[in-house]
Amino acid sequence: MVQGDGSLAEHVAPFLSKADIRFGQCERVYSDRGSLDPSSTAKHARCSPELAQVFWDCAFDVVSLASNHTMDFGADALKDTIALFEAKGVKTIGAGMNIQEARTPACFEVNGVRIAFLAYSTVLREGFEATEDSAGAAPLRARAWYEEFDFQAGVPPLIRSEVLSEDLDAMCEDVRSAKQIADKVVVSMHWGVHYVPKLIAEYQRPAAQGAFDAGADAIIGHHAHAPKAIEMFGDRPCFYSLSNFIMTGTPKTGEKARLFQERYGVQLDPDRPWLPYGEDAKRSLIAALEFSPDGL
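Take a look at the structure:
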């Protein structure tokens, strides 16, 4: 993102202005401090604070900072990002200077309906999760393992996955606590398998079911950079991935494009080198939820 003149939000801001509460997920930190963690290659994960202008142009009320890039540039960059949003009156969820802050909901009351927002990230490098005395994202970590299911050599294995029980229990506890102070609870999940169309990882449905069993009323998913399924758990929706909204990018041409395609299996559009995610990345969703005291 390079514009700070409102042009990025020009076409969508009128639609967003109709909402009482606007929620988005932020996959960057906005700071001039910090250095790239040795375990990360995401040099793009830190942006100049002035580029956060797009969030004010869209008039977001609450933003999730829980992602695989939350701690790419360390605690100082995260702290600056939280302070930047708070100075503009935008509440942040899913990350903080400790686990208590990361698990604290953002609460609103509109027309007599109290709504709480919580956020978690499944996609986390080791040490990027918040703890009692260290900054990071609210974790909902998953583990994966691989099983052979055929005797033929070379057949791809079955990929199994499950959420860590301690993280699932903590998330469910947060939802139950939020339900004590709010009529409706919205849970944001940074999860799933990116770049691969349609695929829902095995751990995602049980994680969603756990949140709903604890009292969540809707789940908003992101991370995949492609739209994915919308599943109803009874009368409550789970949006597995809304795809991209406004996304930074770096041109990947020549050798970089070849390596990107080789690594992720994504065919780049040569006419749009600034959006290196393939066709599905251009198909984005905005979830519009209407809450009332009686339901969704």
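Residue numbering for the sequence shown follows my numbering, beginning at 55 and increasing consecutively. Every residue, glycine too, gets a C-beta built ideally from N, C-alpha and C.
Select from the options the residue whose C-alpha is nearest the C-alpha of residue i.
i	options	result
F287	A272, A280, S297	A272
H248	F203, A106, H279	H279
A156	R168, V144, Q206, S175	S175
K282	V250, R290, S94	V250
D126	A265, L70, C112, V83	V83
A236	C161, G208, N298, A207	C161
N367	A207, R100, D111	Only positions 55 to 350 of the chain appear in this structure, which leaves residue 367 out of reach.
F69	C112, P103, D267	C112
Q107	E183, L172, E64	E64
F266	E201, G246, D289, F205	D289
L90	G128, S102, K252, L253	G128
K233	T124, L172, T95	L172
When DSSP labels each residue in this structure, what does residue i get in the three-state scheme?
i	result
Q206	coil
K97	helix
L329	Note that L329 has pLDDT 48, beneath the 50 cutoff, so the model's placement of it is unreliable and the number below is only indicative. Here L329 sits in coil by DSSP.
E167	The residue asked about is misnamed: residue 167 is Val in this sequence, not Glu. Strand.
W245	coil
M151	coil
K133	helix
E25	Here the chain comprises residues numbered 55 to 350, so residue 25 is not present and cannot be evaluated.
S71	coil
G275	strand
A191	strand
I340	coil
K233	helix
S346	strand
L178	coil
P211	coil
E285	strand
V239	strand
L172	strand
F266	helix
G88	coil
F77	strand
P291	strand
K142	coil
V83	strand
R197	strand
Could you give the distance in angstroms between the alpha-carbon of residue i and the alpha-carbon of residue j?
i	j	result
V217	Y294	16 Å
C80	G166	28 Å
S338	G150	28 Å
G181	G88	16 Å
K97	G349	43 Å
S346	A67	24 Å
L329	A262	Any reading at L329 must be qualified, since the residue scores a pLDDT of 48, below 50, and its modelled position is unreliable; no value is offered.
F114	F139	10 Å
Q57	H276	For Q57, the predicted structure reports a pLDDT of 49, less than 50, and the residue's modelled location is therefore unreliable. A value from the coordinates is still provided. Cα to Cα, the separation comes out at about 24 Å.
F203	P211	7 Å
I213	Y257	11 Å
S93	V177	14 Å
K238	G264	16 Å
R168	Q206	56 Å
V209	Y200	12 Å
R317	A198	19 Å
S102	S242	25 Å
I136	A189	12 Å
S215	G246	11 Å
T6	R179	Since the first residue shown for the chain is 55 and the last is 350, residue 6 is missing from the structure and cannot be characterised.
V240	L313	38 Å
L253	T185	31 Å
A268	D187	27 Å
Would a C-beta distance cut-off of 9 Å place residue i and residue j closer than the cut-off?
i	j	result
L296	A255	no
I147	A120	yes
A141	P159	no
I284	L62	no
H244	S85	no
L343	P291	yes
W110	V164	no
Stretch pair the region 214 to 225 + the region 192 to 199: three plus CB contacts closer than 8 Å: As far as the Cβ criterion goes, the region 214 to 225 touches the region 192 to 199, which means the pair count is three or higher.
Sufficient close CB pairs (3 or more, under 8 Å) joining the region 127 to 137 to the region 223 to 237: In short, these stretches do not touch, since the Cβ pair count stays below three.
The region 257 to 276 touching the region 69 to 76, judged by at least three CB pairs closer than 8 Å: Too few Cβ pairs lie closer than 8 Å, so no.
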